[in-house]
Structures are given as C-alpha cells and as structure tokens.
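Written below as structure tokens is the structure these notes are about.
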Amino acid sequence: MSGVTTPLTVGVEEEFLLVDSTTLRVVPAAPLVLATAAGLPQQLHAEGTRYQVEISTPVADSAVTLREELAVLRRALSAAARAHGCRLLAAPSPVVAVEGPLHLTDDEPRQREQHRRFGALTDTLVSCGRHIHIGTLDVDTAVAVSNRVRPWLPTLIALAANSPFWGGRDTGHSSWRAMAWSGWPSAGPPPHFTSTAHFRHSVETLLGSGAALDTKMVYWDLRPSGNWPTLEIRAPDMSPDIDTAVLQAELGRALVASALRAIAEGRPDPPVRDDVLRLARWRAAHDGLEGFGLDPYTGAEVPAADLAEALLDLVAPDLAATGDLDHAAKTLGGLLRDGSGAARQRTAFARREDLTDVLRHLVEETENF
592 MSGVTTPLTV GVEEEFLLVD STTLRVVPAA PLVLATAAGL PQQLHAEGTR YQVEISTPVA
652 DSAVTLREEL AVLRRALSAA ARAHGCRLLA APSPVVAVEG PLHLTDDEPR QREQHRRFGA
712 LTDTLVSCGR HIHIGTLDVD TAVAVSNRVR PWLPTLIALA ANSPFWGGRD TGHSSWRAMA
772 WSGWPSAGPP PHFTSTAHFR HSVETLLGSG AALDTKMVYW DLRPSGNWPT LEIRAPDMSP
832 DIDTAVLQAE LGRALVASAL RAIAEGRPDP PVRDDVLRLA RWRAAHDGLE GFGLDPYTGA
892 EVPAADLAEA LLDLVAPDLA ATGDLDHAAK TLGGLLRDGS GAARQRTAFA RREDLTDVLR
952 HLVEETENF
C-alpha cells in the first residue's frame, strides 16, 4: 500500500538505570557517563532523570544487524559507566526505593513544569522501558496499522514483564511499570482510530485538556512516532536479555507486516472494546507470562502462554519471510521454559529474601552481551 517502504525496518530504544558498583543503588551519574561515551553521540542520550541513560540503535533491516547494534551500544555504555564506578541496570525500576529528591536532566524547565502539574506521578519517571520503531510508514498508514496491532499489546506486556519489585517490595504484579504508568492521563492503550483526523484530534484533546505538556507526553503503549516515519511500540518493560529484546522487535515488525497484509486484502478489522483491552492490559501486567491473560476479542480467560503462542502463529508467515521465525520460536520457547524476567527476579529473591540478590542478578544479566 502507499506510504510504506519495504522491507520494513526496525529500530530500538533501550533505557537503563545507573547504579553504584558497590551498593547497586541508583546514582545521578548520567552526565558523566554520557560525556565519557561521547564517541557515539547519535546513539546515546539523556533520559528524564540523571539516574538514566538511553541507547537508540540505527535503523536495521534484519534481526541479526539489530542484535549486533544492541550489543555494541551496550558494551560502550557499560564501559563508560564502569569508568565512573557505576554499572548498567537493564530493569524497569530501581527495585529498591529512591531516596531524596529526583535528579532531573538538563531539560529542567520542562521537567519542573511536569513535576508542578503532575506531582507525585513524576516519581514514575525513574523507570525504564524498551521502545520499538517499525517503519517506514506515513502517518495515515501508521494509524490504520495501530488499530490492528493494539489488541496484541497485552501479550507484548506479558512477554516483557520484568518489574515485580518496586520501592523495595513485591508488588504482586509481574509488570508494575505498566501499572505505574497507567496513572498518567495520556498513557495506556491507544484508542481505535476511525481516521487520521481522529488520531490528530485525540492528540489535540490530550494537549488542550492539560493531560500532556507536549506531544512527547503522549504516552500511549502504541503510537505513530512524532519524530520519525514509524509506528512506535512503547509497552514493553526494559529487560536485560538481548535475545528477548530482539524477539520483541521481531514480533513488533511481524505484527505490522501482518496488519499491512490484512489491510491490502481488505480483511475486516474486528472491533476490540476499550474496556476489555484495558482489563487485558491489567491482567497481563499482573500475571505476566506465567499466569492467565484475557482474549482481547472475547474477554475470555486464557493461559498467557497460549496467547503468546497464538501471537507467534499469527505472524509466523511474516517472521518466515524475514528469516526470523526460528529465532523467535526458540527465544519464546526459552521464556516459556525458563520463566519471564519477573519470574527470574522472584527466583533470585527467594534464595535469601534479599533484594540485593535481585539487583546482582539483573546486573549480571545486563552485562551478558
């Protein structure tokens, strides 16, 4: 269809926390670390607080290239962090409570206005996700594709669930990051858009109501990017394993390809109720991959593993077309066998009921390039 460049490309943004090498507590070292890693200025960025740094890969047309880029950038950032007595933590939360006031980035006027308007909600800024950009799509195409991808957002959340601990305690959820971000009025699943005009009006309503300071604060789990000709999947938790990152990118690109085929063939777009999708999102955040989820079309309770396998089956032709099917099937099989990131964190904690063991586990997995 028009407005699409093929083959579809993929790029990934990963957010990391910086922790002290000894205490494993977050430290506001981002300016120092980024200055040391200045040889890759286009790929390394500041985040909302000085506890965080971000990498963004170049655009890739293959999963193999994407994996190589992620490893290169992680190594560079890890070396820069170590030079300042820090380690990288690929986790959605610091696990333990952050003491003292937030250390904001140099974009302080915007950050301070955000804090003034939204108060305690800004505490959730000390969290990390993985954003996946699929392109090249013009905005009309991205909006149409968004409608067909959104039913699978809860399954992507379950696959990525990696934040059971928050503020020093087990939250009872597998992805507390997903729940914490639900408090933002501009977050959660996007609406089903009837047109590009509907999409633009929804964004304007968020801005006009005060729910977002600017378009950067449109925090939907899925959105046409405001900066690039891509559809951006924002739902996944950050996780330490690179192969899991690649799996999420493979599934995201394949979902977009599957949606494009359905649109080209004139297949109907089955409606998904907003209330059911929000419930499915909550259940995915609560149970993760180990429990149950909700079928977004019927609301029926289904094992989360079955939903993950249904997603793989749906996009298998598109994964096969890009040579990604074997890797995706193997990586998903490993998650179903060995447990999600949330399950592995709880296993680490259960050994001695010590959150420091969880932090050590996360640092070790993060640095396993």
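All residue numbers for the sequence shown refer to my numbering, where the first residue is 592 and numbers rise by one. The beta-carbon is built from N, C-alpha and C at its ideal position, and this holds for glycine as well.
When the Cα of residue i is compared with those of the options, which residue comes out closest?
i, options, result
"Asp714", "Pro700, Pro692 and Asp731", "Pro692"
"Thr600", "Thr746, Glu699, Arg768 and Ala840", "Ala840"
"Asp865", "Val650, Leu679, Glu604 and Pro780", "Pro780"
"Arg951", "Val906, Leu804, Val837 and Arg678", "Arg678"
"Ala662", "Met770, Pro831, Ala933 and Asp860", "Pro831"
"Leu910", "Val847, Pro861 and Glu660", "Val847"
"Arg739", "Gly857, Leu885, Gly879 and Arg928", "Gly857"
"Ala651", "Glu699, Val837 and Pro887", "Val837"
"Arg616", "Thr656, Gly884, Gly759 and Gly882", "Gly759"
"Trp873", "Val717, Pro619 and Ile748", "Ile748"
"Leu880", "Leu609, Leu657, Arg935 and Thr947", "Arg935"
"Ile723", "Leu797, Asp805, Ala637 and Val603", "Val603"
"Asp929", "Leu804, Asp812 and Leu750", "Leu750"
"Pro827", "Phe790, Ala769 and Leu923", "Ala769"
"His675", "Ala628, Ser816, Lys921 and Leu635", "Ala628"
"Phe709", "Met808, Leu657 and Asn959", "Met808"
"Val655", "Pro632, Val686 and His918", "His918"
How long is the line joining the alpha carbons of residue i and residue j, rounded to whole angstroms?
i, j, result
"Leu842", "Ile725", "11 Å"
"Ser612", "Arg673", "8 Å"
"Ser793", "Glu955", "42 Å"
"Ala688", "Arg852", "46 Å"
"Ala671", "Ala626", "9 Å"
"Cys719", "Thr597", "30 Å"
"Gly799", "Gly914", "45 Å"
"Arg584", "Gly630", "Outside the shown range of the chain, which is 592 to 960, sits residue 584, and nothing can be said about it."
"Thr727", "Ala845", "14 Å"
"Arg943", "His706", "37 Å"
"Ala788", "Val734", "10 Å"
"Ile854", "Ala895", "27 Å"
"His962", "Ser647", "Any answer about residue 962 is impossible in this case: the structure gives the chain only from 592 up to 960."
"Ala711", "Arg665", "31 Å"
"Trp775", "Leu916", "36 Å"
"Glu606", "Met829", "7 Å"
"Thr889", "Pro861", "11 Å"
"Leu898", "Leu623", "43 Å"
"Leu608", "Ala752", "17 Å"
"Ala939", "Thr835", "19 Å"
"Leu905", "Ala682", "29 Å"
"Ala907", "Glu690", "46 Å"
"Ser653", "Ile833", "15 Å"
"Thr696", "Val610", "17 Å"
"Ala912", "Gly925", "22 Å"
"Asp948", "Trp772", "26 Å"
"Tyr810", "Val644", "19 Å"
"Gly817", "Phe960", "31 Å"
"Val717", "Leu680", "12 Å"
"Asp573", "Ala637", "Lying outside 592 to 960, the shown extent of the chain, residue 573 is not represented and no answer is given."
According to DSSP, what are the bridge partners of residue i?
i, result
"Glu961", "Examination of residue 961 is not possible in this model, given that the chain is present from 592 through 960 alone."
"Leu609", "Leu679"
"Ile725", "Val601 and Leu822"
"Ser647", "Glu604"
"Asp933", "The sequence given here has Ala at residue 933, not Asp. None, per the DSSP bridge assignment."
"Gly639", "Answer by DSSP bridge pairing: none, since Gly639 is not bridged."
"Leu695", "Thr640"
"Phe756", "Asp761"
"Val617", "Val610"
"Gly594", "None, per the DSSP bridge assignment."
"Gly720", "Asp828"
Should residue i be flagged as near chain C, meaning a C-beta pair shorter than 8 Å?
i, result
"Ala637", "Although the question refers to chain C, the structure presented lacks it and comprises just one protein chain."
So, at 8 Å on beta carbons, what are the nonlocal neighbours of residue i in its own chain, with the 5 sequence-adjacent residues on each side left out?
i, result
"Arg814", "Ser737, Pro781, Leu822, Glu823 and Arg825"
"Arg937", "Pro755 and Asp761"
"His694", "Pro619, Thr640, Arg641 and Tyr642"
"Arg721", "Val603, Glu604, Glu605, Glu606, Ala751, Pro827, Asp828, Met829, Ser830, Ala836 and Gln839"
"Asp560", "A question about residue 560 goes unanswered here, because the residues of the chain that appear run from 592 up to 960."
So, for residue i: in the same chain, excluding its five sequence neighbours on each side, which residues have a beta-carbon less than 7 Å away from its beta-carbon?
i, result
"Asp886", "Val893"
"Trp743", "Leu846 and Leu902"
"Gly882", "Ala895"
"Trp819", "His724 and Gly726"
Among residues of its own chain, excluding the 5 on either side of residue i, which ones have a beta-carbon nearer than 6 Å to its beta-carbon?
i, result
"Ala871", "Pro745, Leu885 and Pro887"
"Ala802", "Pro776 and Ser777"
"Trp757", "Ser684 and Trp767"
"Phe790", "Val734 and Phe784"
"Gln702", "Leu695"
Notebook entry, point to check: Which runs of the alpha helix (DSSP H) spanning at least 4 residues fall entirely within the segment 761–845, listed in chain order?
Noted result: 767–772 and 787–800
*List in chain order: all unbroken beta strand (DSSP E) runs of 3+ residues lying wholly within the segment 890–927.*
892–894
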